[in-house]
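Peer 1: Sharing a structure below in structure tokens format, with a few things to ask.
Protein chains: 2
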Amino acid sequence: MGGTDIERLIALLARLPGLGPRSARRAALALLRQPQARMLPLAQAMEQAARSVRTCSSCGNLDTRDPCTICTDPGRDAGMVCVVETVGDLWALERAGVHRGVYQVLGGTLSALSGMGPDDLNVAPLLARIAQGGVHEVILALGATVDGATTAHWLQDRLAGSAVAVSRVGQGVPMGGALDVLDDGTLAAALMARRPA
Amino acid sequence: MGGTDIERLIALLARLPGLGPRSARRAALALLRQPQARMLPLAQAMEQAARSVRTCSSCGNLDTRDPCTICTDPGRDAGMVCVVETVGDLWALERAGVHRGVYQVLGGTLSALSGMGPDDLNVAPLLARIAQGGVHEVILALGATVDGATTAHWLQDRLAGSAVAVSRVGQGVPMGGALDVLDDGTLAAALMARRPA
Ligand SMILES: [Zn+2]
Ligand SMILES: [Zn+2]
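Residue numbers (full-length UniProt numbering), protein chains in the order written: chain C, 1 to 197; chain E, 1 to 197.
In structure tokens:
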């Protein structure tokens, strides 16, 4: 396949989600045909992003700043927190442009199968913000799976003693890393149709 | 979407063949989650490949050496030349492991629509090798399209005066950048079933 450097490039590309061996070869070919115009700019964008990416210590978003652009946006309602499983879910909601508050990215759900317990969820910053009285609404946008429902119930229990209103987005919507497949209108409708949990 | 560095990375990934905006975001997220373990190694593999890639001056293959590994392999029959449209076709035939000779990558076909004429095809090295008497068989593995057929006929005309046997791979096989979608057995059968042109 033309040298170990090229084989290594194909192997690394093939590990990306959504790229199998075949599409990895096709992508590698496209890059190899234009090393200066296409491959080097992509390589440099990756190095730049790898150097600059931070996990927001407040919400768990990935950004080049910590706290992230969303958490520091004065135009957002910091008292309305949408709880999602993944950064991909957060990005999907941001593309839809329907949530005017901030987020909490759990980084997963409670899961007996994969051994994820409460300590493995990124939930402490949310609880701290609530304890400080800075939160008036928590919107749970978790997956409509057993693990998503378990996590939602656990969070409701944790928040039961506080004065925070807890709501859940409309059911039947695939959440939990799968928000990405929804069009913006459906996402907007799901968020509008949230109901008290 | 978390900083211009991240947006730029997603935009560049989305330009790769086979990656739409959605899969580009998913790939970017996977890389951003592991900047040291995944993103930097891929960036470095790209820079390394961009620095080392060469177009073989003999056959048109992409490799880290010129002439390429195939052209310089003493175990191959340099007198049996398989003519393909793209490097992707060459790679597909190599994966199938059925061609024991060398290649000529035209880089396209004659095409009135896209204005590709004889001078735009990488065919001079093949003609030179034939003029030197070093070739006994030319196998045309071109696309079963109008342009592929036109190119095959034009090449046959060019070789008509020589003592070279010209054959074509079995018809009905999608060639021309599309060999990639065939399993190895089908590719092998197509090459075995070549007939005199
Ligand atoms: Zn944040
Ligand atoms: Zn070569």
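Idealized CB from N, CA, C, for every residue including glycine.
Measure the alpha-carbon distance for C:L12 versus C:P21 and round it to whole angstroms.
Peer 2: Against the first sequence, residue 12 of chain C aligns to sequence position 12. Against the first sequence, residue 21 of chain C aligns to sequence position 21. So the alpha carbons of these two residues sit roughly 10 angstroms apart.
Peer 1: Can you list, in chain order, every residue whose CB sits closer than 6 angstroms to a heavy atom of ligand 2?
Peer 2: Any residue whose Cβ sits closer than 6 angstroms to a heavy atom of ligand 2 makes the list: E:C56, E:S58, E:C59, E:N61, E:P67, E:C68, E:I70 and E:C71.
Peer 1: Taking only three categories from DSSP, how would you classify C:R26?
Peer 2: Along the first sequence, one-based indexing puts residue 26 of chain C at 26. Of the three classes helix, strand and coil, the one that applies to C:R26 here is helix, per DSSP.
Peer 1: Thinking C-alpha only, which one of C:A49, C:T86 and C:G97 is nearest C:G107?
Peer 2: What you label residue 107 of chain C is simply residue 107 of the first sequence in a count that begins at 1. Comparing Cα-Cα distances from C:G107 to each of C:A49, C:T86 and C:G97, the minimum goes to C:T86.
Peer 1: By DSSP's criteria, C:R129 is part of a beta bridge. Which residues make up the other side?
Peer 2: On the first sequence, residue 129 of chain C is found 129 positions in, with the first residue counted as 1. Its beta-bridge partners do not exist; DSSP assigns none.
Peer 1: Determine the extent of the alpha helix (DSSP H) in which C:Q156 is found, giving its start and end residues.
Peer 2: Taking the first sequence and counting its residues from 1, one reaches residue 156 of chain C at position 156. Where C:Q156 is concerned, the enclosing alpha helix (DSSP H) stretches over V146 to L159.
Peer 1: Which residue wins for smallest C-alpha separation from C:T109, given the options C:V169, C:L155 and C:A37?
Peer 2: Numbered from its first residue, the first sequence carries residue 109 of chain C at position 109. Selected option, being the one with the closest Cα: C:L155.
Peer 1: Measuring only between beta-carbons, confirm whether C:P125 sits less than 8 angstroms from chain E.
Peer 2: Position 125 of the first sequence, counting from 1, holds the residue named residue 125 of chain C. Chain E contact via Cβ: absent.
Peer 1: Three-state secondary structure (DSSP) at C:T72?
Peer 2: Against the first sequence, residue 72 of chain C aligns to sequence position 72. Coil, per DSSP.
Peer 1: Leaving aside the five residues before and after C:A24 along the sequence, list all residues of the same chain whose C-beta is less than 7 angstroms from its C-beta, in chain order.
Peer 2: As a first step, residue 24 of chain C must be located in the first sequence, where it is residue number 24. I10, L13 and A14, listed in sequence order.
Peer 1: Taking Cβ-Cβ distances below 8 angstroms as the criterion, which residues of the UniProt zinc finger region "C4-type" (56-71) of chain E are in contact with chain C?
Peer 2: Those residues of the UniProt zinc finger region "C4-type" (56-71) of chain E that come within reach of chain C (Cβ to Cβ, closer than 8 angstroms) are N61, L62, D63, T64, R65, C68 and T69.
Peer 1: Whose C-alpha, out of C:S52, C:A128 and C:L40, is nearest the C-alpha of E:L32?
Peer 2: In the second sequence, the residue the question calls residue 32 of chain E occupies position 32. The option with the nearest alpha carbon to E:L32 is C:S52.
Peer 1: Tell me, to the nearest whole angstrom, how far the beta carbon of E:R168 is from that of E:R194; I am working on the premise that it is less than 8 angstroms.
Peer 2: Taking the second sequence and counting its residues from 1, one reaches residue 168 of chain E at position 168. Taking the second sequence and counting its residues from 1, one reaches residue 194 of chain E at position 194. Right, their Cβ atoms sit about 6 angstroms apart.
Peer 1: Opposite E:C82 in the DSSP bridges: which residues?
Peer 2: Here residue 82 of chain E corresponds to residue number 82 of the second sequence, with the count starting at 1. DSSP, once it has assigned bridges, lists E:Y103 and E:I139 as partnering E:C82.
Peer 1: Opposite C:L62 in the DSSP bridges: which residues?
Peer 2: Within the first sequence, the letter at position 62 stands for residue 62 of chain C. Beta-bridge pairing links C:L62 to C:T55.
Peer 1: Taking C-beta pairs closer than 7 angstroms, name the residues in chain C that E:P35 reaches, listed in chain order.
Peer 2: To locate residue 35 of chain E, count along the second sequence from 1; it is residue 35. Neighbours of E:P35 on chain C, chain order: A50 and V53.
Peer 1: In chain E, what lies closer than 8 angstroms to C:D5 by C-beta?
Peer 2: Here the question's residue 5 of chain C lines up with position 5 in the first sequence. Near C:D5 (Cβ distances below 8 angstroms), the residues of chain E are A45, Q48, A49, S52, V53 and T64.
Peer 1: Put C:H87 into one of helix, strand or coil per three-state DSSP.
Peer 2: The residue labelled residue 87 of chain C in the question sits at position 87 within the first sequence. A quick correction: the sequence has Val, not His, at residue 87 of chain C. DSSP places C:V87 in helix when its eight states are reduced to three.
Peer 1: Please look up how many angstroms separate the CB atoms of C:M116 and C:G101, rounded, as I've assumed it's under 8 angstroms.
Peer 2: As a first step, residue 116 of chain C is located in the first sequence; it is residue number 116 there, counting from the start. As a first step, residue 101 of chain C is located in the first sequence; it is residue number 101 there, counting from the start. The Cβ separation is near 25 angstroms, so there is no contact.
Peer 1: On a CA-only basis, which of C:N122, C:A96 and C:T69 is nearest C:V105? Give me that one, please.
Peer 2: Working through the first sequence from its first residue, we reach residue 105 of chain C at position 105. The shortest C-alpha separation from C:V105 is found at C:N122.
Peer 1: May I have the straight-line CA-CA distance separating C:Y103 from C:T4, to the nearest angstrom?
Peer 2: On the first sequence, residue 103 of chain C is found 103 positions in, with the first residue counted as 1. On the first sequence, residue 4 of chain C is found 4 positions in, with the first residue counted as 1. Approximately 44 angstroms between the Cα atoms of the pair.
Peer 1: Taking 8 angstroms as the threshold (beta carbon to beta carbon), is C:V84 in contact with chain E?
Peer 2: In the first sequence, the residue the question calls residue 84 of chain C occupies position 84. Not an interface residue.
Peer 1: Chain C partners of E:M39, CB-CB under 9 angstroms?
Peer 2: Translated into the one-based positions of the second sequence, residue 39 of chain E becomes position 39. Under the 9 angstroms cutoff, chain C gives M46, E47, A49, A50 and V53.
Peer 1: Within the 8 angstroms Cβ cut-off, does C:A8 reach chain E?
Peer 2: Start at 1 with the first residue of the first sequence, and residue 8 of chain C comes out as number 8. Position check: residue 8 of chain C holds Arg in this sequence, whereas Ala was assumed. It does; some Cβ of chain E falls within 8 angstroms.
Peer 1: Which residues of chain E have a Cβ atom closer than 7 angstroms to the Cβ of C:G18, listed in chain order?
Peer 2: As a position in the first sequence, residue 18 of chain C is number 18, starting the count at 1. Result: L19, S23, R26 and A27.
Peer 1: Could one say the Cβ of C:A30 lies closer than 8 angstroms to chain E's Cβ atoms, at least one of them?
Peer 2: Within the first sequence, residue 30 of chain C is the residue found at index 30, counting from 1. It does; some Cβ of chain E falls within 8 angstroms.
Peer 1: Identify which residue in C:L62, C:V146 and C:A149 has its Cα closest to the Cα of E:A30.
Peer 2: The residue labelled residue 30 of chain E in the question sits at position 30 within the second sequence. If we check each option's Cα against that of E:A30, C:L62 comes out closest.
Peer 1: Can you tell which of E:S58, E:V146 and E:M46 has its C-alpha closest to the C-alpha of C:R8?
Peer 2: For this step, residue 8 of chain C is matched to residue 8 along the first sequence. Per the Cα distances, E:M46.
Peer 1: Reducing DSSP to helix, strand and coil, say where E:A15 ends up.
Peer 2: Translated into positions along the second sequence, residue 15 of chain E becomes position 15. First, the residue type needs correcting, since residue 15 of chain E is Arg and not Ala in the sequence shown. Coil.
Peer 1: What distance in whole Å lies between the Cβ atoms of C:I70 and E:A49, which are believed to be in contact at a cut-off of 8 angstroms?
Peer 2: Residue 49 of chain E sits at position 49 when you count from the first residue of the second sequence. Residue 70 of chain C sits at position 70 when you count from the first residue of the first sequence. The Cβ separation is near 36 angstroms, so there is no contact.
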